[in-house]
Amino acid sequence: MTLHIEGVHKAYGDRPVLRGVDLRIEPGEVTGLLGLNGAGKSTLVTIVAGLLPPDAGRVLVGGVDVGRHPHRARAHLGLAPQDLGIYPSVTVRDNLTLFGRLAGLRGARLRERIDKVADALELEKLFDRQGRALSGGEQRRLHTALAMLHEPRLLLLDEPTVGVDVATRSRLLQAVRDLAADGAAIGYSTHYLAELDTLRATVAILHEGTIVRRGTLAELVDTHGRAAVDLTFTERVPDGLDFGPDAVVRGATVRLPSSDPAKTAAEALGLLGAHGSAVRSVELVRPDLETVFLSITGHLPQEVAA
Ligand SMILES: Nc1ncnc2c1ncn2[C@@H]1O[C@H](COP(=O)(O)OP(=O)(O)OP(=O)(O)O)[C@@H](O)[C@H]1O
Ligand SMILES: [Mg+2]
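For the sequence shown, the tail end lands on 308 under this note's numbering, and the numbers increase by one without skipping.
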């Protein structure tokens, strides 16, 4: 089921957040939605789910206009918002049953779906635990399972892997891939770029109110990636050195984007003078999604992740 976002605008008060977002996600496609904190990812996801009206533009889910026919559109849609939404005072099993009923599942079909998502997200052992007695990562798994229960044709996951351990992350990513393999269209917001590789996702970068880059990982890296040099100091980056306007400092490392990293490395080392002995390593960074993101936003995604 194709998701079609056309010309979506949204302002909070007089502050515009979305300024004409166009985006399409095809059945079977996972699209990673990237953007700095405050870029508007959650706002967009909430609009797509029909929970917030856009100021202009429209969203079509399988051809159905979410604004005009919210109930019809929502039947095909699963949403796991950024904020956890589970019932703390009831058990995992009852959470699944309640949400399943809300999504219109009954009887054998409900039981079958509960078993399926519980297996995919490893919830069986937790069935009799209350929501509030789950760890943060377990709550995330339940929260995501609730969004997948009715086998939505469009699944929206807003930072589903925040604060989860390695095992939970890989469970979650596998469950998302399985759903996409069954033909669902998936919108997946994250600050962890490596996940997009695992998901074989296409990428949409939301910046200053519009989708500024859209494509496969390889396309974006080939077209917009820029190599860089990482200069890491033993303690911190010395004051008073001018590495140029493109330099980005992260901890004790200065990243210098460059189309000729060997030359840039030599120049940077020449610039250091007496500080030369404070350098711990010089690393050449090949173009990747992170360098694409950096060149557009001026920030590294992990740096700004909450
Ligand atoms: N209900 C609201 N009222 C006013 N401003 C809001 C509201 N919700 C979000 N904003 C503002 O809109 C901007 C976009 O917020 P949004 O939550 O969509 O960003 P995000 O890309 O999801 O960020 P993050 O990566 O931190 O989750 C932010 O500046 C935020 O402060
Ligand atoms: Mg958000």
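Even for Gly, the Cβ is constructed at its ideal location relative to N, Cα and C.
Query                                                                                                                           : Result
CB contact flag (T204, E31, <8 Å)                                                                                               : yes
Contacts around S297, its chain only, beta-carbon distance under 7 Å, and the 5 residues preceding and following it disregarded : H226, R228 and P259
Beta carbon nearer than 6 Å to a non-hydrogen atom of ligand 1                                                                  : Y14, V19, G37, N39, G40, A41, G42, K43, S44, T45, Q84 and A308
Contact test: E161 Cβ vs ligand 2 heavy atom, cutoff 7 Å                                                                        : yes
Limits of the beta strand (DSSP E) - the one that V250 falls within                                                             : V250 to R252
Exposed unless 16 or more other CB atoms sit within 10 angstroms - verdict on P90                                               : exposed
Spatial distance of T236 from R173 (CA atoms)                                                                                   : 38 Å
D199: first and last residue of the uninterrupted beta strand (DSSP E) it sits in                                               : That residue, D199, is in no beta strand (DSSP E); its alpha helix (DSSP H) goes A196 to T200.
Burial state of S283, where buried means 16 or more other Cβ atoms lie within 10 Å                                              : exposed
L123 vs A147 beta-carbon contact at 8 Å                                                                                         : yes
Beta-bridge partners of F235, as assigned by DSSP                                                                               : V281
Stretch pair the region 78-96 + the region 118-136: three plus CB contacts closer than 8 Å                                      : yes
Contacts around P263, its chain only, beta-carbon distance under 8 Å, and the 5 residues preceding and following it disregarded : A229, A230, V231, L286 and V287
Sequence-distant residues of the same chain with beta carbon closer than 6 Å to A206, five excluded per side                    : L25, T33, L35, I213 and R216
Beta-bridge partners of D67, as assigned by DSSP                                                                                : L62
Secondary structure of T204, DSSP reduced to three states                                                                       : strand
With 16 other Cβ atoms within 10 Å as the buried cut-off, status of L104                                                        : exposed
Cβ distance (whole Å) where H301 is taken to contact L38 below 8 Å                                                              : 6 Å
Run of the beta strand (DSSP E) containing T255, from where it starts to where it stops                                         : T255 to P259
Q84, DSSP secondary structure in three states                                                                                   : coil
Opposing strand residues paired with H11 [DSSP bridges]                                                                         : R21 and A58
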